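For reference, the structure is listed below as structure tokens.
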Amino acid sequence: MDLIPSIKLSEFFTALKPKYMLVTTYTLSLAFFESMVWHRIEKGELYRCLILCDQLGFRRAISEAGALQSAANSYMVVTAPGKYSFHPKVWLIAREDRAVLLCGSGNLTQSGFVDNPELFDVVKLSKEEDSDELSAIDRGQ
Numbered sequence: 022m023d024l025i026p027s028i029k030l031s032e033f034f035t036a037l038k039p040k041y042m043l044v045t046t047y048t049l050s051l052a053f054f055e056s057m058v059w060h061r062i063e064k065g066e067l068y069r070c071l072i073l074c075d076q077l078g079f080r081r082a083i084s085e086a087g088a089l090q091s092a093a094n095s096y097m098v099v100t101a102p103g104k105y106s107f108h109p110k111v112w113l114i115a116r117e118d119r120a121v122l123l124c125g126s127g128n129l130t131q132s133g134f135v136d137n138p139e140l141f142d143v144v145k146l147s148k149e150e151d152s153d154e155l156s157a158i159d160r161g162q
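Start counting the sequence shown at 22; every next residue gets the next number (the numbering used here).
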């Protein structure tokens with residue numbers, strides 16, 4: 022049996038200098054995000070960072086508000102609209118010419134990133150290298 026290739030999550034967060042970031046999660050710990058993830062991200066050219074989460078996860082995360090330093094200043098956290106659970110776990114780090122997508126099972130929490138065995142997949146896209154594939158997607162093929 023072949024082993025699934027693995028990379029450290031820290032390598033994903035340094036894959037490129039982002040201009041835009043979109044994060045989706047069900048539950049979240051913003052204290053974990055600020056202490057373990059946010060400082061690894063190159064923010065020199067970052068224009069927007071949005072964390073989109075479930076309403077229940079957001080209500081639970083509010084209890085950490087006193088420990089937060091960057092929320093609402095450097096990044097925004099909003100709840101997904103609707104009355105149903107919002108469960109995707111996706112990270113999109115993008116520039117005009119490149120993007121890196123991380124999709125997996127781990128929430129934005131200590132257990133989702135460190136403690137629990139979670140599975141993620143990484144997709145890297147470049148305007149120059151993937152123009153045919155991106156054009157096909159744009160045409161709906």
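Each residue gets a CB set at the ideal place from its N, CA and C atoms; glycine is no exception.
Keep in mind the model is a prediction, meaning the values are calculated, not measured.
Pick from the options that is closest to residue i, judged by C-alpha positions
| i | options | result |
| --- | --- | --- |
| residue 128 | 53, 42, 31 | 53 |
| residue 107 | 91, 114, 26, 77 | 77 |
| residue 15 | 123, 102, 64 | Because the chain here runs from 22 to 162, residue 15 falls outside it and cannot be looked at. |
CB contact flag (residue i, residue j, <8 Å)
| i | j | result |
| --- | --- | --- |
| residue 105 | residue 68 | no |
| residue 48 | residue 80 | no |
| residue 100 | residue 50 | no |
| residue 95 | residue 70 | yes |
| residue 8 | residue 72 | A question about residue 8 goes unanswered here, because the residues of the chain that appear run from 22 up to 162. |
| residue 113 | residue 141 | no |
Beta-ladder partner(s) of residue i, from DSSP
| i | result |
| --- | --- |
| residue 57 | For residue 57, which the question treats as bridged, DSSP gives no partner whatsoever. |
Rounded distance between the beta-carbons of residue j and residue i, thought under 8 Å
| i | j | result |
| --- | --- | --- |
| residue 37 | residue 116 | 6 Å |
| residue 84 | residue 110 | With a Cβ gap of about 21 Å, residue 84 and residue 110 do not count as contacting. |
| residue 33 | residue 135 | In fact, because the Cβ distance is near 14 Å, the residues do not count as touching under 8 Å. |
Practice task
Flag this pair as touching only if the region 51-67 and the region 140-150 have three or more C-beta atom pairs under 8 Å; answer yes or no.
Solution key: no
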